[in-house]
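Just so you know, we're using this note's numbering here: the sequence shown kicks off at 14 and counts up by one. Using N, Cα and C, we set each Cβ at its ideal position, and we do this for glycine too.
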Amino acid sequence: MLYRFSRHCEPIWAKQSVNSNTILSSKSLFHKNLDGKGKSLFFIFIFAFLIFLLTPLNSPYSQTLQTNPDSIPFAPAVNYPAGNSPRSVFCGDLDGDFDLDLAVGNYGGADVSILKNNGDGTFYLDSNYAVGSYPTAVFCADLDGDLDLDLAVANLISCNVSILKNNGDGTFYLDSNYAIGSYPTAVFCADLDGDLDLDLAVANMGSDNVSILKNNGDGTFQTKVDYGIGGASASVFCADLDGDSDLDLAVTNANNTVSILKNNGDGTFYLDSNYAVGSDPTAVFCADLDEDGDLDLAVTDYWEYSVSILKNNGDGTFETKVDYGVGANPYSVFCADLDGDVDLDLAVANMGSDNVSILKNNGDGTFQTKVDYVAGYMPHSVFCSNLDRDSDLDLAVANGGDHVSILLNLSISRPNFYSLLSPQNTDSIKTPVTLNWQPSIDPDPNDTVQYDLYLSRSSVFNPESTVVYDSLLDTSFTVNLQIKDWYWKVRAYDKWGAERWSDQSWSFYAFKLGDVNADAGISLGDVIYMANYVLKGGPAPIPMKSADVNCDGKITLADAICLANYILKGHCDFFPCDP
Numbered sequence: 014m015l016y017r018f019s020r021h022c023e024p025i026w027a028k029q030s031v032n033s034n035t036i037l038s039s040k041s042l043f044h045k046n047l048d049g050k051g052k053s054l055f056f057i058f059i060f061a062f063l064i065f066l067l068t069p070l071n072s073p074y075s076q077t078l079q080t081n082p083d084s085i086p087f088a089p090a091v092n093y094p095a096g097n098s099p100r101s102v103f104c105g106d107l108d109g110d111f112d113l114d115l116a117v118g119n120y121g122g123a124d125v126s127i128l129k130n131n132g133d134g135t136f137y138l139d140s141n142y143a144v145g146s147y148p149t150a151v152f153c154a155d156l157d158g159d160l161d162l163d164l165a166v167a168n169l170i171s172c173n174v175s176i177l178k179n180n181g182d183g184t185f186y187l188d189s190n191y192a193i194g195s196y197p198t199a200v201f202c203a204d205l206d207g208d209l210d211l212d213l214a215v216a217n218m219g220s221d222n223v224s225i226l227k228n229n230g231d232g233t234f235q236t237k238v239d240y241g242i243g244g245a246s247a248s249v250f251c252a253d254l255d256g257d258s259d260l261d262l263a264v265t266n267a268n269n270t271v272s273i274l275k276n277n278g279d280g281t282f283y284l285d286s287n288y289a290v291g292s293d294p295t296a297v298f299c300a301d302l303d304e305d306g307d308l309d310l311a312v313t314d315y316w317e318y319s320v321s322i323l324k325n326n327g328d329g330t331f332e333t334k335v336d337y338g339v340g341a342n343p344y345s346v347f348c349a350d351l352d353g354d355v356d357l358d359l360a361v362a363n364m365g366s367d368n369v370s371i372l373k374n375n376g377d378g379t380f381q382t383k384v385d386y387v388a389g390y391m392p393h394s395v396f397c398s399n400l401d402r403d404s405d406l407d408l409a410v411a412n413g414g415d416h417v418s419i420l421l422n423l424s425i426s427r428p429n430f431y432s433l434l435s436p437q438n439t440d441s442i443k444t445p446v447t448l449n450w451q452p453s454i455d456p457d458p459n460d461t462v463q464y465d466l467y468l469s470r471s472s473v474f475n476p477e478s479t480v481v482y483d484s485l486l487d488t489s490f491t492v493n494l495q496i497k498d499w500y501w502k503v504r505a506y507d508k509w510g511a512e513r514w515s516d517q518s519w520s521f522y523a524f525k526l527g528d529v530n531a532d533a534g535i536s537l538g539d540v541i542y543m544a545n546y547v548l549k550g551g552p553a554p555i556p557m558k559s560a561d562v563n564c565d566g567k568i569t570l571a572d573a574i575c576l577a578n579y580i581l582k583g584h585c586d587f588f589p590c591d592p
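(1) Taking only runs of the alpha helix (DSSP H) that begin and end inside the region 72 to 149, which ones reach a length of at least 4 residues, in chain order?
(2) Under DSSP, the alpha helix (DSSP H) around Ile541 begins and ends at which residues?
(3) Are Ala341 and Pro428 touching if we call contact CB-CB under 9 angstroms?
(4) Roughly how many angstroms lie between the CA atoms of Ser398 and Ala409, to the nearest whole one?
(5) Buried or exposed for Val473, please, with buried defined as at least 16 other CB atoms from any protein chain shown within 10 angstroms of its CB.
(6) Quick check on DSSP: helix, strand or coil for Tyr283?
(7) In whole angstroms, what separates the C-alpha of Phe347 from that of Val297?
(8) Expressed to the nearest angstrom, what Euclidean distance is found between the alpha-carbon atoms of Ser536 and Ala577?
(9) Roughly how far, in whole angstroms, is the beta-carbon of Asn266 from the beta-carbon of Ala252, given that I think they are within contact range, below 8 angstroms?
(10) Specify, as a first and last residue, the run of the alpha helix (DSSP H) that Asp231 falls within.
(11) Just to confirm, is the Cβ distance from Pro99 to Gly413 under 9 angstroms?
(12) Assuming Ala150 and Ala123 are in contact, meaning their beta carbons sit under 8 angstroms apart, how far apart are those beta carbons, in whole angstroms?
(13) By a C-beta neighbour count over all protein chains shown, 10 Å radius and 16 as the cutoff for buried, is Leu262 buried or exposed?
(14) So is Ser333 buried or exposed if we call it buried at 16+ other beta carbons inside 10 Å?
(15) Pull up the DSSP beta-bridge partners for Arg504, would you.
(16) Can you name, in chain order, every residue of its own chain whose Cβ lies under 6 angstroms from the Cβ of Asp279, other than the five neighbours on each side?
(17) Applying the 10 Å Cβ sphere with the 16-neighbour rule, what's the burial state of Asn46?
(18) So Tyr431 packs on Pro452, CB below 8 angstroms; how close in whole Å?
(19) Just how far apart, CA to CA, sit Gly593 and Ala531?
(20) Could you give the distance in angstroms between the alpha-carbon of Ile574 and the alpha-carbon of Ala505?
(21) Can you round the beta-carbon distance between Cys202 and Phe234 to whole angstroms, since I take them to be within the 8 angstroms contact cut?
(22) Let me check understanding here. Comparing Cα to Cα, which of Asn119, Phe185, Ala90 and Ser84 lies closest to Gly389?
(23) Which whole-angstrom value is the C-beta distance of Trp509 and Leu423, which I expect to be below 8 angstroms?
(24) Rounded to a whole number of angstroms, what is the C-alpha to C-alpha distance between Tyr137 and Tyr283?
(25) Exposed or buried, Gly566, counting other C-beta atoms within 10 Å across all chains shown (16 or more means buried)?
(26) Measuring CB to CB, does Leu113 end up less than 9 angstroms from Leu494?
(27) Based on the DSSP output, what are the partners of Phe490 in its beta bridges?
(28) If I follow the unbroken beta strand (DSSP E) through Leu260, where does it start and stop?
(29) Excluding sequence positions up to five away, which residues of its chain have a Cβ less than 6 angstroms from the Cβ of Gly183?
(30) Could you tell me the alpha carbon to alpha carbon distance between Ser345 and Phe490, rounded to whole angstroms?
(31) For the putative contact between Asp239 and Ser224, defined by C-beta atoms under 8 angstroms, what is the C-beta separation to the nearest angstrom?
(32) Using DSSP's beta-bridge definition, name the partner residues of Trp499.
(33) Should Lys497 be labelled buried (16 or more other beta-carbon atoms within 10 Å of its own) or exposed?
(34) Out of Val249, Ser292, Phe250 and Ser195, state which residue places its alpha-carbon closest to the alpha-carbon of Asn268.
(35) By DSSP, does Tyr186 sit in helix, in strand, or in coil?
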């Protein structure tokens, strides 16, 4: 089928880390050379992410992609039932089968849902476990040192944290509830005192503080110690912000600041500084966004529809924020390498617009304009993990209704890179023109790759000047073209819609053999033009190839005579031929 620019024209294809409700990655927290205290956190957390290295490639998900040449190819959201009003989601290998399951805190149901992975990024609801009233955040971590992942759940109205121990198979029992501050909204598990077990940091919105509960080494916890902050605290993230190998705290406050609490080295803290962010910050995430070896901050600004980026000066102090627009009422942010280019992008769950905004990193901690993906109703939390075992990072989104949305990333299964072959760049070629390119091989052997051929009279492929031949199965296509300069490129895509553009965009000049004066026709004027060139040194044919009508590799009077015979007598033994 031939159609005029009904697909995208410009081939723009442009590290993992957690928000207050998520877990750290090797890129964000463990990028430094760790020893002593730092090593403990690394070895405990690496268990949860070991499956990223052990799982094989798998087939992509069979849905049509959002078509946007600047977007990451996520499949449309697939919804899985959880409890009442999911508020938080966390991904981890809960049952030890080397795929990632989901723990979902259900705000309206006073329970946590466990959704088990079938191994391919599809899920089933396994069980619900009762916790405190209005659970707002869930965190998966090995709290008792038995090498499986337990659950810590912050409960808003009962003002406590529930600890659910793993039986080793992804089933859980409620071990204890621990009193904390007023109206807790976030919980984070990390080795804060350097004793090789994981402690708790809880942000308390009602009491304007952070509660620290130290682990006794067996998944039981000491009485809380509170640290005052500047305002109602909504989110907390534990990370080594000043490079001294202990974990500090970043906390968002309702007075439009993010507080930095520095660790004294023993799991006690002091308030170092407050930094201005946007209106009503709801979540903070620490990650090395500009790849300079220290951890920066990404903060969602609920009423400004933005995410604030604060770059680290290298010592745990931060530059003035830079804001990037996202969807309406952003509530959660996650930093991860979503497009496979080894820098950390942003995923933001937007409560007010029922979508997730993806902002791609330019490689220096600045970000491209958002691209939005539809999620469920009032998404509160987003988590990025390899859910379908294909080596790229997918999205799990907790929505305010009764389900979790899964958006599978199809980047890894895109067709492979390929190049244009002929006509060569800036070549002149006789019309009809045959265009050839390399085949693009899809990683999925059961997939089918098709091609769209773009031909334009403009190097920028404007809609007004571009024609597209679509759904081609072969890597060669012949077409009659007007005599002029043409630009061309090819788009390969598989049956899921994942695409790959050709490495180049080339140009060529299409000519008609014998049309030496380039007037788009063959007439006696071309014979006179050629005779003047051969006998009198007149203007050269345009291009020279167009005058070699007998295809002997030379432009002579014989070509003019052959062309005259063709025009006047209707035949010439050599014309047309392939120059």
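The relevant details are as follows:
(1) Runs of the alpha helix (DSSP H) inside the region 72 to 149: none found.
(2) One-based indexing of the sequence shown puts residue 541 at position 528. Here the alpha helix (DSSP H) through Ile541 covers Leu537 to Lys549.
(3) Taking the sequence shown and counting its residues from 1, one reaches residue 341 at position 328. Taking the sequence shown and counting its residues from 1, one reaches residue 428 at position 415. Against a cut-off of 9 angstroms, the Cβ pair of Pro428 and Ala341 comes out as no contact.
(4) Mapped onto the sequence shown, residue 398 falls at position 385. Mapped onto the sequence shown, residue 409 falls at position 396. Straight-line spacing of the CA atoms in Ser398 and Ala409 works out to 8 angstroms.
(5) Against the sequence shown, residue 473 aligns to sequence position 460. Per the 10 Å Cβ criterion, exposed.
(6) For the purposes of this step, residue 283 is taken as residue 270 along the sequence shown, with counting starting at 1. Strand, per DSSP.
(7) Along the sequence shown, one-based indexing puts residue 347 at 334. Along the sequence shown, one-based indexing puts residue 297 at 284. If I take the Cα positions, the gap works out to 9 angstroms.
(8) If you number the sequence shown from 1, residue 536 lands on position 523. If you number the sequence shown from 1, residue 577 lands on position 564. So the alpha carbons of these two residues sit roughly 9 angstroms apart.
(9) Here residue 266 refers to the residue found at position 253 when the sequence shown is read from its first residue. Here residue 252 refers to the residue found at position 239 when the sequence shown is read from its first residue. With a Cβ gap of about 18 angstroms, Asn266 and Ala252 do not count as contacting.
(10) Position 218 of the sequence shown, counting from 1, holds the residue named residue 231. For Asp231, there is no enclosing alpha helix (DSSP H), since its DSSP letter is neither H nor E.
(11) As a first step, residue 99 is located in the sequence shown; it is residue number 86 there, counting from the start. As a first step, residue 413 is located in the sequence shown; it is residue number 400 there, counting from the start. Their beta carbons are under 9 angstroms apart, which means Pro99 touches Gly413 by this criterion.
(12) If you number the sequence shown from 1, residue 150 lands on position 137. If you number the sequence shown from 1, residue 123 lands on position 110. So it is not a contact: roughly 14 angstroms between Cβ atoms.
(13) Numbered from its first residue, the sequence shown carries residue 262 at position 249. Classification for Leu262: buried.
(14) Residue mapping note: residue 333 aligns to position 320 of the sequence shown, counting from 1. According to the sequence as given, residue 333 is Thr; it is not Ser. It is exposed - the Cβ of Thr333 has fewer than 16 other Cβ atoms within 10 Å.
(15) The count along the sequence shown starts at 1 and reaches residue 504 at position 491. Here Arg504 is bridged, per DSSP, to Asp465 and Trp514.
(16) For the purposes of this step, residue 279 is taken as the residue at position 266 of the sequence shown. Around Asp279: Asp206.
(17) Position 33 of the sequence shown, counted from the first residue, corresponds to residue 46. Note that Asn46 scores a pLDDT of 36, beneath 50, so its modelled location is shaky and nothing firm can be said.
(18) On the sequence shown, residue 431 is found 418 positions in, with the first residue counted as 1. On the sequence shown, residue 452 is found 439 positions in, with the first residue counted as 1. 7 angstroms between Cβ atoms; contact.
(19) Since the first residue shown for the chain is 14 and the last is 592, residue 593 is missing from the structure and cannot be characterised.
(20) Counting from 1 along the sequence shown, the entry for residue 574 is found at position 561. Counting from 1 along the sequence shown, the entry for residue 505 is found at position 492. Answer to the nearest angstrom: the Cα atoms are 46 angstroms apart.
(21) On the sequence shown, position 189 is the one that residue 202 refers to. On the sequence shown, position 221 is the one that residue 234 refers to. The beta-carbon distance between Cys202 and Phe234, rounded to whole angstroms, is 11 angstroms. This is too long to meet the 8 angstroms contact definition.
(22) Position 376 of the sequence shown, counted from the first residue, corresponds to residue 389. Closest option to Gly389, Cα to Cα, is Ala90.
(23) Indexing the sequence shown from 1 puts residue 509 at position 496. Indexing the sequence shown from 1 puts residue 423 at position 410. Confirmed, Cβ separation roughly 6 angstroms.
(24) Translated into positions along the sequence shown, residue 137 becomes position 124. Translated into positions along the sequence shown, residue 283 becomes position 270. Inter-residue distance for Tyr137 and Tyr283 is about 44 angstroms (C-alpha atoms, whole angstroms).
(25) Residue mapping note: residue 566 aligns to position 553 of the sequence shown, counting from 1. Looking at its Cβ environment, which holds fewer than 16 other Cβ atoms inside 10 Å, Gly566 is exposed.
(26) By 1-based counting over the sequence shown, the position of residue 113 is 100. By 1-based counting over the sequence shown, the position of residue 494 is 481. No.
(27) As a first step, residue 490 is located in the sequence shown; it is residue number 477 there, counting from the start. Phe490 is bridged to Leu448.
(28) The residue given as residue 260 occupies position 247 in the sequence shown. That residue, Leu260, is in no beta strand (DSSP E); it is neither H nor E in DSSP.
(29) Position 170 of the sequence shown, counted from the start, is the residue given in the question as residue 183. Here the set comprises Leu107 and Asp108.
(30) Taking the sequence shown and counting its residues from 1, the one referred to as residue 345 is at position 332. Taking the sequence shown and counting its residues from 1, the one referred to as residue 490 is at position 477. Computed Cα separation, rounded: 48 angstroms.
(31) As a working note, residue 239 is residue 226 in the sequence shown. As a working note, residue 224 is residue 211 in the sequence shown. Rounded, the Cβ-Cβ distance is 5 angstroms, consistent with contact.
(32) Here residue 499 refers to the residue found at position 486 when the sequence shown is read from its first residue. In the DSSP assignment, Trp499 forms a beta bridge with Phe521.
(33) Residue mapping note: residue 497 aligns to position 484 of the sequence shown, counting from 1. Classification of Lys497: exposed, given that the 10 Å Cβ count is below 16.
(34) Translated into positions along the sequence shown, residue 268 becomes position 255. When only C-alpha atoms are compared, the closest one is Ser292.
(35) Numbered from its first residue, the sequence shown carries residue 186 at position 173. Here Tyr186 sits in strand by DSSP.
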